[in-house]
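So the mapping is simple: this note's numbering equals the position in the sequence shown, first residue as 1, plus 65.
Just so you know, even glycine gets a beta-carbon here, dropped at the ideal spot from N, CA and C.
Notes follow once the structure below has been shown.
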Amino acid sequence: MANDVLDEVDRRIVDVLRRTGRLPNNALAERVGVAPSTCLTRLRALVDRGVISGFHAQVEPAWIGRPIEAMIAVRLRAEARASIAGFFDRVAVMEQVQNVYYLAGADDFHLHVAVEGTDELRSFVTDGLSTQPEVARTETNLIFAHRRGGAA
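Pasting the structure below:
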C-alpha cells in the first residue's frame, strides 16, 4: 500500500474529493482536467485499490437530536490486550459512537460520541463503557465545536 504511488491524475482526483466530497463524475472530470470516461475509470480503480475507502454524508449530530459531542479516551487493562479487536468492534457499532480511533500512546482508544444530552453521556460512559471488564479507565472531554480538516 505505501509503495503504491499515485500519479498526478489520481492525486488530483483524490484531492478534489477530499476537499469537496463526492461530485457528479462530469464535474469531477472537469475539475481534474480529464475526460469523464477516464475520470470514472480512475475513480473506480482508486476505490478498488483501497485509496478511497468509501463515500458518506457528514451529518451534523444536532440535526438528528444529538447536540452534545464528546471525545472519550479509553485505556484498557494490561491483561485485556487480547480483547482489543473485540472491544474495537463492539464500540464501533454503538449508536452514540461517531468514530473510533485505535491509538498508540497513553490511551488505547478515543471515541467520538454524539448524544441527546448530558444524562445520556453520563450513562454511556458509566454504564456502557466503564462496566466493560477490559476497561481500566475513561476520560471524557466535551467538544464545543469542530471543523473537518482539509476541507476547502
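Using a Cβ-Cβ cutoff of less than 8 Å, which residues in the same chain neighbour residue i once the five nearest sequence positions on both sides are dropped?
{"i": "residue 153", "result": "165, 167 and 174"}
{"i": "residue 211", "result": "134"}
Label residue i either buried or exposed according to how many other C-beta atoms from any shown protein chain fall within 10 Å of its C-beta, with 16 as the threshold for buried.
{"i": "residue 161", "result": "buried"}
{"i": "residue 195", "result": "exposed"}
{"i": "residue 190", "result": "buried"}
{"i": "residue 109", "result": "exposed"}
{"i": "residue 223", "result": "The displayed coordinates of the chain run from 66 to 217. Any statement about residue 223 would go beyond what the structure contains."}
{"i": "residue 217", "result": "Any reading at residue 217 needs caution, since the residue's pLDDT is 48, under 50, leaving its predicted position unreliable; the model's value is listed next. Answer is exposed; the Cβ neighbour count stays below 16."}
{"i": "residue 107", "result": "buried"}
{"i": "residue 203", "result": "buried"}
Measure the Cβ-Cβ separation of residue i and residue j and say whether it is below 8 Å.
{"i": "residue 71", "j": "residue 81", "result": "no"}
{"i": "residue 138", "j": "residue 163", "result": "no"}
{"i": "residue 176", "j": "residue 156", "result": "yes"}
{"i": "residue 99", "j": "residue 74", "result": "yes"}
{"i": "residue 90", "j": "residue 105", "result": "yes"}
{"i": "residue 97", "j": "residue 77", "result": "yes"}
{"i": "residue 172", "j": "residue 140", "result": "yes"}
{"i": "residue 130", "j": "residue 185", "result": "no"}
So, under 8 Å CB-CB, residue i and residue j are touching, yes? Tell me the CB distance rounded to an integer number of Å.
{"i": "residue 142", "j": "residue 201", "result": "4 Å"}
Can you list, in chain order, the residues of its chain whose CB lies under 6 Å from that of residue i, leaving out five sequence neighbours each side?
{"i": "residue 145", "result": "199"}
{"i": "residue 148", "result": "199"}
What does DSSP give as the partner residue(s) for residue i in the beta ladder?
{"i": "residue 208", "result": "134"}
{"i": "residue 121", "result": "Answer is none; residue 121 lacks a bridge partner."}
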